[in-house]
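Engineer:
Protein chains: 2
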Amino acid sequence: MPIALETAANIPLFKGLDQETLITVAKLMSSRSFLSHDIVLRKGDEADHLCFLLAGQLQVVDVTEDGREIGIHFISPGAYFGELSVIDGAPRSASIVSVKPSEVAFLPTAQARALIFNRPLVAERFLTHFAQIVRASSRQRTLLSIPNAFQRVFAQLQQFVRDTNEGQVIEGLPKQHEIAIMVNTSRETVSRALHTLMKLNIVEKKGTIFIVNRPDQLKTAAVAGLDEMPATNANNGPKVEKAEKAA
Amino acid sequence: MPIALETAANIPLFKGLDQETLITVAKLMSSRSFLSHDIVLRKGDEADHLCFLLAGQLQVVDVTEDGREIGIHFISPGAYFGELSVIDGAPRSASIVSVKPSEVAFLPTAQARALIFNRPLVAERFLTHFAQIVRASSRQRTLLSIPNAFQRVFAQLQQFVRDTNEGQVIEGLPKQHEIAIMVNTSRETVSRALHTLMKLNIVEKKGTIFIVNRPDQLKTAAVAGLDEMPATNANNGPKVEKAEKAA
Numbered sequence: 127m128p129i130a131l132e133t134a135a136n137i138p139l140f141k142g143l144d145q146e147t148l149i150t151v152a153k154l155m156s157s158r159s160f161l162s163h164d165i166v167l168r169k170g171d172e173a174d175h176l177c178f179l180l181a182g183q184l185q186v187v188d189v190t191e192d193g194r195e196i197g198i199h200f201i202s203p204g205a206y207f208g209e210l211s212v213i214d215g216a217p218r219s220a221s222i223v224s225v226k227p228s229e230v231a232f233l234p235t236a237q238a239r240a241l242i243f244n245r246p247l248v249a250e251r252f253l254t255h256f257a258q259i260v261r262a263s264s265r266q267r268t269l270l271s272i273p274n275a276f277q278r279v280f281a282q283l284q285q286f287v288r289d290t291n292e293g294q295v296i297e298g299l300p301k302q303h304e305i306a307i308m309v310n311t312s313r314e315t316v317s318r319a320l321h322t323l324m325k326l327n328i329v330e331k332k333g334t335i336f337i338v339n340r341p342d343q344l345k346t347a348a349v350a351g352l353d354e355m356p357a358t359n360a361n362n363g364p365k366v367e368k369a370e371k372a373a
Numbered sequence: 127m128p129i130a131l132e133t134a135a136n137i138p139l140f141k142g143l144d145q146e147t148l149i150t151v152a153k154l155m156s157s158r159s160f161l162s163h164d165i166v167l168r169k170g171d172e173a174d175h176l177c178f179l180l181a182g183q184l185q186v187v188d189v190t191e192d193g194r195e196i197g198i199h200f201i202s203p204g205a206y207f208g209e210l211s212v213i214d215g216a217p218r219s220a221s222i223v224s225v226k227p228s229e230v231a232f233l234p235t236a237q238a239r240a241l242i243f244n245r246p247l248v249a250e251r252f253l254t255h256f257a258q259i260v261r262a263s264s265r266q267r268t269l270l271s272i273p274n275a276f277q278r279v280f281a282q283l284q285q286f287v288r289d290t291n292e293g294q295v296i297e298g299l300p301k302q303h304e305i306a307i308m309v310n311t312s313r314e315t316v317s318r319a320l321h322t323l324m325k326l327n328i329v330e331k332k333g334t335i336f337i338v339n340r341p342d343q344l345k346t347a348a349v350a351g352l353d354e355m356p357a358t359n360a361n362n363g364p365k366v367e368k369a370e371k372a373a
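The following block contains the structure:
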């Protein structure tokens, strides 16, 4: 189904474009609804559209060489996605699935490219967005290089912390199995890591949000681990390192 | 020292720009020489220039949360770097060190931004380059999620394989300690992995290049491992997984 001019005008990438361009763009776009767990884009497919999330939530998901599913990041309303293939013409680099019922708008690749390369405003936004992806992916890479799974969970939690009037909080924390695939561990490890933080009163659950009572200790936990971490897990990293060094 | 018009004209990002723009750009640029192991950019510094490697070789290096150095990728002559900060104004995301004696040219941020956002030709090249970084970083992320260190080395080697007239070869393989930091393991593990591949005649060393005699077996080694892998290392991944699952 086609999208309304107002909907197109509300897409952050298009903010500030003249009315005429907006009308043209809105006419070229179409939208589609997805249920939870639907596949919105499939890895390896050809890129025929630049996509925009109008409502709902999506997750970028990839599969490791040995077949395990890993979550890369979440997509929130207003964001666009599928831009890699639109830019370089190569197949989709990852699959995207809906985490909630979602509404997605599609702009054909040729028109998307014309808009991006010929409008300094759009080019700048697009490049800034890419820069953010590169930084996030670099942070995630650094995080994944932490050999200890517990510390990876702590480091990941740190990235969700936001400053609010009530201090540092984590709102809208992804589900445990989602965090597990982001940091390449099991759901059980995520559960135990969270439990340990709550037991030590470093974080505290209040309804759907987590209050971070001791931000400095959360940081220390990510960098150096916690004394209270179960022995088996606490020693994963060093054990692997030693085994490799002894090899 | 300022750079020659011819040098600027040979920078791939600037190919096809009109003579007048090239003259302006060349006048704004300066160049500097670096010895091996010099720090060219330092993580956390402010971004005052877009940088271009004129000659030599550089490596992007980051430091993990627990202080270990990890190599991200190499920069070859003709490439530009430091573009993230030029785009988003945030501090440098990683340090860059010279692997060989190198010559680097610098274009001030303001002029670099004007060029990127206002020239569709440059905007497209810049975005395509960003898309490649994102894809490479996503591949590396997938690679790092392989729990077994040997398999990570095999998967990394696969990425260096090129098709030539003499079949599949690996030319200019980074040093063992460089591969080690790329795949987050020890130099000893890289050495043993390479040795195992040569012993099984999957790869063969001829002077400075490696001939890949059995590309399919290299692939299998990356995905499923090799029977000949030393037991300690071959079981790292599963051991960790089990420990976590039992936790």
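Here the protein sequences come in this chain order: A and B. Here the numbering used here is used: the first residue of the first sequence is 127, the next is one more, and so on. Here the numbering used here is used: the first residue of the second sequence is 127, the next is one more, and so on. We put the beta carbon where it would ideally sit given N, CA and C, even for glycine.
#1: If contact means a Cβ-Cβ distance below 8 angstroms, which residues of the stretch 134 to 147 of chain A contact chain B?
#2: Is His303/B helix, strand or coil by DSSP?
#3: What are the start and end residues of each continuous alpha helix (DSSP H) run of 4 or more residues lying completely inside the stretch 312 to 348 of chain B, in chain order?
#4: To the nearest angstrom, how far is it from the Cα of Asn310/B to the Cα of Thr147/B?
#5: Strictly under 7 angstroms for the Cβ-Cβ distance: is Thr150/A near chain B by that measure?
#6: I'd like the span of the alpha helix (DSSP H) that includes Arg374/A, first residue to last.
#7: Grab the span of the beta strand (DSSP E) containing Ala249/B for me, first residue to last.
#8: Taking the beta strand (DSSP E) that Gln145/A belongs to, which residues open and close that run?
#9: Would you mind giving the Cβ-Cβ distance between Ala423/B and Ile129/B, rounded to the nearest angstrom? I have them listed as a contact below 8 angstroms.
#10: Considering just the uninterrupted stretch of the alpha helix (DSSP H) at Arg278/A, what are its terminal residues?
#11: Between Gly298/A and Phe286/A, what straight-line distance do the alpha-carbon atoms span, to the nearest angstrom?
#12: Shorter than 7 angstroms from the beta carbon of Pro246/B to some beta carbon of chain A?
#13: Measure the Cβ-Cβ separation of Ala173/B and Val212/B and say whether it is below 7 angstroms.
#14: Are three or more beta carbon pairs between the stretch 229 to 247 of chain B and the stretch 158 to 174 of chain B nearer than 8 angstroms?
#15: Listed in chain order, which residues of the stretch 304 to 332 of chain B have Cβ atoms closer than 7 angstroms to some Cβ of chain A?
#16: With 16 other CB atoms within 10 Å as the buried threshold, where does Ile165/A fall?
#17: So, with DSSP's three-state summary, where would you put Lys368/A?
#18: Do Gly142/B and Leu247/B have their CB atoms nearer than 7 angstroms?
#19: By how many angstroms is the C-alpha of Asn136/A removed from the C-alpha of Gln302/B?
#20: Applying a beta-carbon distance threshold of less than 8 angstroms, which residues of chain A neighbour Arg288/B?
#21: Could you tell me which chain C residues have their CB closer than 8 angstroms to the CB of Arg218/B, listed as they occur along the chain?
#22: By DSSP, does Arg218/A sit in helix, in strand, or in coil?
#23: Measure the alpha-carbon distance for Thr322/A versus Glu354/A and round it to whole angstroms.
#24: Can you give me the Cβ contacts of Phe336/B inside the same chain, cut-off strictly under 6 angstroms, excluding the 5 residues immediately before and after it?
#25: Any beta carbon of chain A sitting closer than 7 angstroms to that of Asp174/B?
Structural biologist: By the coordinates alone:
#1: none
#2: helix
#3: 313 to 325
#4: 44 angstroms
#5: no
#6: Given that chain A is displayed from residue 127 to residue 373, the structure contains no residue 374/A and the question cannot be resolved.
#7: Counting along the chain, Ala249/B falls outside any beta strand (DSSP E), though it belongs to the alpha helix (DSSP H) covering 246 to 270.
#8: Counting along the chain, Gln145/A falls outside any beta strand (DSSP E), though it belongs to the alpha helix (DSSP H) covering 145 to 154.
#9: Outside the shown range of chain B (127 to 373) lies residue 423/B, about which nothing can therefore be said.
#10: 275 to 286
#11: 9 angstroms
#12: yes
#13: yes
#14: yes
#15: Asn310, Thr311, Ser312, Glu314, Thr315, Arg318
#16: exposed
#17: Low per-residue confidence applies at Lys368/A: pLDDT is 36, beneath 50, and the placement is therefore not dependable, though the value from the model is reported in the following sentence. Three-state DSSP puts Lys368/A in a helix.
#18: yes
#19: 51 angstroms
#20: In chain order: nothing, as chain A lies at least about 18 angstroms away.
#21: Within the model displayed, chain C is absent; protein chains A and B are what it includes.
#22: coil
#23: 7 angstroms
#24: Ile296, Val329
#25: no
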